[in-house]
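To start, the structure under review is shown below, and the notes come after it.
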Amino acid sequence: MTKELKITQSILKNMRDYIDGKECGLLFKARYIDGKTFPSTDSQALGNWFEYKCTGALNPYDPKIPEAKISYKGTAKEKLSANYERMSKQVENFKTALKHYNVEIVSVGETLEFGKAKGTCDIIAKVNGELSIIDVKSTGLFNDKWSEFGWQEIDNAFRPKLKLLTQALHYKYLAKNIYKDLKNVPFYFWVFSTKNENDFKIIRVEVADDDYWFHAKEINDMYQLLQMEIKQGFKAHPSIEKCAKCPLKEECPQAMDVPKVETIYYTNEMFV
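In structure tokens:
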């Protein structure tokens, strides 16, 4: 299995976190090496349902047909819960934008592979005749400058954080090496608010030529590190906060219920 494992944008981002001690190696191994799947959070389930309704493609990490949550009021007929009703209207916004921008869908859920890298695209399409990649997202984090998944407005433009931009770079890197006869394959985020049914953004991401070289180097470095960790064993990075919501907590011998004692030493320099 390790020979077939390639670097996806998700693996890349989580390996960065693992190196920084933010991601537990045991959870990383369970998800990406052992292929375990875990229940989606409410926001993930809503996003999976929305993307499925837009594209018809299933989440590769949770390949079940998503179902909307239903609310009941007295003896009335079944009705979508408020969040799902809001996103059903965003599905219509998605369809309207397809027509407005003359989008011809070529494929959904197609996996691109080059060298040690791969990625599964939400949509490959022709946008006004130009072959492009479209990634469909739902978010409650418009105007959020703190979350690493936030979309902050800077100079009257919404800009995704580095964790999100890594996806754009990764997919453009794959497209650049696969569609060699094309000078550029545009990448678009189509981002729909989960809080406001009338708020959605379309963001085109461009990448400088030098960034492709650095990305190729990072893919190779991460691939080598991944092989080494598979061979030597991934390290746990437990913490009270992370372990409390980890799906492996009940079976993990290194899960933390109480914090470790931290020792510091008094020095006058602390008050200088």
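Residues in the sequence shown are numbered from 310 upward in steps of one, following the numbering used here. By construction, the Cβ of each residue, glycine as well, lies at the ideal position given by its N, Cα and C atoms.
- Residue pairing by DSSP puts P469 in a beta bridge opposite W460.
- Pairing R340 with P556, the inter-Cα distance amounts to about 11 Å.
- With 16 or more neighbouring CB atoms inside 10 Å of its own CB, E332 falls in the buried class.
- Around the beta carbon of H409, a 10 Å sphere encloses fewer than 16 other beta carbons of the protein chains shown; the residue is thus reported as exposed.
- No residue range can be given for F347, since it is assigned to no alpha helix (DSSP H) and is classified by DSSP as neither H nor E.
- The C-alpha of A545 lies about 6 Å from the C-alpha of L335.
- Three or more beta-carbon pairs separated by less than 8 Å are not found between the region 416 to 425 and the region 392 to 399, which leaves the two stretches without contact.
- Around the C-beta of F523, fewer than 16 other C-beta atoms lie within 10 Å, and the residue is accordingly described as exposed.
- If you draw a straight line from the Cα of H479 to the Cα of G438, it comes to about 23 Å.
- Proximity of the region 429 to 443 to the region 489 to 506 meets the contact definition, three or more beta-carbon pairs being nearer than 8 Å.
- Residue range 496 to 502 is occupied by the beta strand (DSSP E) that includes Y497.
- G542 has no beta-bridge partner at all, per DSSP.
- Residue nearest to L474 within the set K315, S380, L321 is L321 (criterion: CA-CA distance).
- Counting every other CB atom within 10 Å of its CB across the protein chains shown gives S502 a total of 16 or more, marking it as buried.
- Going by C-alpha positions, I379 is about 43 Å away from K485.
- For A434 against E413, the beta-carbon gap comes to about 6 Å, under 8 Å, which counts as contact.
- Judged by DSSP secondary structure, R513 falls within the beta strand (DSSP E) whose first and last residues are 509 to 514.
- For G428, the beta-bridge partners assigned by DSSP are L421.
- At the C-beta level, D431 and A366 come within 8 Å of one another.
- In the displayed model, K526 falls within a helix according to three-state DSSP.
- Boundaries of the alpha helix (DSSP H) around V400: 391 to 409.
- According to DSSP, residue pairing for F451 in a beta bridge involves W460.
- Listed as beta-bridge partners of I374 by DSSP are no residues whatsoever.
- With respect to the 8 Å criterion, V445 and A477 are not classified as neighbours on the basis of their beta carbons.
- Ranking P568, E559, S319, I573 by CA distance to the CA of A426 puts S319 first.
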